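Numbering (this note's numbering), first residue to last: 170 to 465.
Don't be surprised by glycine CBs; every beta carbon is placed ideally from N, CA and C.
A quick note: this is a predicted structure, and the numbers were derived from the prediction, not measured.
In what follows, a single structure is set out as structure tokens and then discussed.
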Amino acid sequence: MLDMRRLRLLREVQLRGTLAGVAEALAFSPSSVSQQLAQLEREAGVKLLQKSGRRVQLTPQGELLATRAAELLDGLERAEAELVTSLDAVIGTVRVAVFQSAAHAVIPEALSILRSEHPDLRVEIVEREPEAGLFDLAARDFDLVLAEQYPGHTRPHLPDLDREFLATDALRLAVPPASAVASVTDAAHLPFVMEPEGTVARLWSTQLCRAAGFEPDVRFETADLIAHIRLIESGNAVGLLPDLVWAGREPALRLVDLPGMPSRTVFTSARRVSAARPAVTAVRGALTRATGFLTP
């Protein structure tokens with residue numbers, strides 16, 4: 170009989186590619202992961218793993234067994250979700266990955282709603298970039314992800330995940346309160362604050378400036394949008410910010426509309442097999458109410 174816990178380790182190897190990655194994700198030691206997988210090979214009676222540089226590869230038999238393991242894990246999760254749903258109780262733990270501006274603007278209000286209406290529900294929040302959060306959701310590290318999608322950018326399709334629209338989040342040029350800037354082209358000579366290279370927000374912002382005919386002078390680079398706001402308020406930079414950062418409050422700087430009135434889409438994703446859990450549904454409902462200030 171194959172051990173389900175060891176089968177999950179094999180599935181994690183299929184997803185993450187290294188024993189160290191599996192160990193970190195599951196809070197095991199690499200040696201423990203290696204020992205458990207060696208035991209699984211003995212149980213299966215075939216070789217499941219082979220070295221490939223610093224990574225490990227699954228043999229054809231390993232790939233077959235890992236794929237079947239994923240189906241078994243889905244079946245177990247579906248059974249658990251159906252059992253909880255049959256009780257119609259909002260209990261247990263929901264692990265949620267969120268991107269930074271949502272962590273500031275939406276999560277506090279959503280948690281207050283849940284604390285008032287579902288006091289027996291435990292919600293754990295971890296900040297993750299959307300790409301990492303969606304991957305970790307598929308790998309069962311989270312139960313729900315709050316993510317965003319910028320104009321013109323698509324995310325890889327993950328068939329095991331659903332997607333529910335949450336809000337449309339307008340994107341605008343933010344300038345100091347006394348600034349005379351009236352359009353993005355007026356800001357061509359000014360210093361910008363932007364998110365780090367490699368992020369979708371940075372790529373979109375750079376492309377917007379180039380479409381306006383200039384290369385932005387990026388003097389400040391940080392993923393912390395509160396730092397963006399402080400730099401702009403103090404007159405040291407301009408930047409491109411989503412309305413979500415204001416959480417329905419009046420900003421202390423001036424916002425300039427952009428050509429075409431661009432916006433990003435904010436959405437939630439859950440694994441299809443557990444999306445109907447009352448706890449997941451309750452968290453999604455609270456997030457919807459907490460983002461009500463973004464509704465046109």
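- Bounds of the beta strand (DSSP E) holding T437 are S432 to S438.
- Contact annotation, L410 with A343: C-beta distance approximately 5 Å; criterion of less than 8 Å satisfied.
- The residue from L427, A421 and V449 with its alpha-carbon nearest to that of V292 is V449.
- In terms of Cα proximity to E251, the closest of A459, P447 and T457 is P447.
- With the rule of 3 Cβ pairs closer than 8 Å, the stretch 235–251 counts as touching the stretch 431–445.
- Boundaries cannot be given for F462, as no beta strand (DSSP E) includes it and DSSP labels it neither H nor E.
- Under the DSSP assignment, A194 falls outside any beta strand (DSSP E), being part of the alpha helix (DSSP H) whose first and last residues are L188 to L195.
- In the displayed model, D386 falls within a strand according to three-state DSSP.
- For E300, there is no enclosing beta strand (DSSP E); the enclosing alpha helix (DSSP H) covers residues P299 to A307.
- Around the beta carbon of V215, a 10 Å sphere encloses fewer than 16 other beta carbons of the protein chains shown; the residue is thus reported as exposed.
- The distance from the Cβ of L394 to that of Q318 is about 17 Å, inconsistent with a contact at the 8 Å cut-off.
- V369: member of the alpha helix (DSSP H) spanning V369 to A380, first to last residue.
- Nearest C-alpha to E296 among P288, L313, T262 and W373: L313.
- Inter-residue distance for S221 and H326 is about 27 Å (C-alpha atoms, whole angstroms).
- When Cβ pairs closer than 8 Å are counted between the two stretches, the stretch 377–395 is seen not to touch the stretch 327–338, the count staying below three.
- Excluding its 5 nearest sequence neighbours in each direction, G417 has C-beta neighbours in its own chain below 7 Å: F462, listed in chain order.
- S281 has no beta-bridge partner at all, per DSSP.
- The residue among P299, D310, Q219 and S374 with its C-alpha nearest the C-alpha of G321 is S374.
- A residue is called buried once 16 or more other Cβ atoms fall within 10 Å of its Cβ, and A406 is buried on that count.
- Cβ contact annotation for A316 (same chain, cutoff 7 Å, sequence separation greater than five): F268, P299, G302, L303, F436 and S438, in chain order.
- Cβ-Cβ distances below 6 Å link D412 to D338 and A339 in the same chain, with the five nearest sequence neighbours on each side left out; the list follows chain order.
- Secondary structure at P199: helix, using DSSP grouped into helix, strand and coil.
- Minimum Cα-Cα distance from C378 among the listed residues L400, P428 and G404 corresponds to P428.
- Setting aside the 5 residues that flank it on each side, V253 is surrounded in the same chain by I260, G261, R446, P447 and A448, each with a C-beta closer than 8 Å to its C-beta; the list follows chain order.
- Look at A396 here: in three-state DSSP terms it is helix.
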